[in-house]
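If you read the sequence shown in the working numbering, its first letter stands for residue 3, the second for the next number, and so on. Input: a single structure, listed below in structure tokens.
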Amino acid sequence: MLKDYRCGQCKKLLARMGEYTELQIKCSRCGTLNHVKATSLELSPLSDRGTAASLLPRGANQRY
Numbered sequence: 003m004l005k006d007y008r009c010g011q012c013k014k015l016l017a018r019m020g021e022y023t024e025l026q027i028k029c030s031r032c033g034t035l036n037h038v039k040a041t042s043l044e045l046s047p048l049s050d051r052g053t054a055a056s057l058l059p060r061g062a063n064q065r066y
């Protein structure tokens with residue numbers, strides 16, 4: 003899914019982006035240099051590091 007990325011100063015639509023890690027783009031209207039980084043990178047579905055259980059402290063997902 004594409005998301006709109008707008009200038010932080012004048013709100014002009016600069017790009018429609020899918021997945022990215024980092025983007026730097028200068029607004030042609032006001033000249034502001036806009037810079038954005040991905041908040042997180044999604045892990046491969048085959049990786050168990052991305053599961054909710056793997057985010058718990060060791061032993062926290064054991065039933066007593």
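In this text, a Cβ means the ideal position worked out from N, Cα and C, and glycines have one as well.
Asked                                                                                              : Found
Same chain only: Cβ atoms within 6 Å of Gly20, ignoring 5 sequence neighbours per side             : Leu4
Residue environment, Leu15, which counts as buried when at least 16 other CB atoms sit within 10 Å : exposed
Boundaries of the beta strand (DSSP E) in which Glu21 is found, first to last residue              : Run containing Glu21: none; DSSP gives neither H nor E here.
Neighbourhood of Tyr7 by C-beta, 8 Å cutoff - its chain only, sequence neighbours within 5 removed : Leu15, Leu16, Ala17, Arg18, Met19, Leu25, Ile27, Asn36 and Val38
Cys9, DSSP secondary structure in three states                                                     : coil
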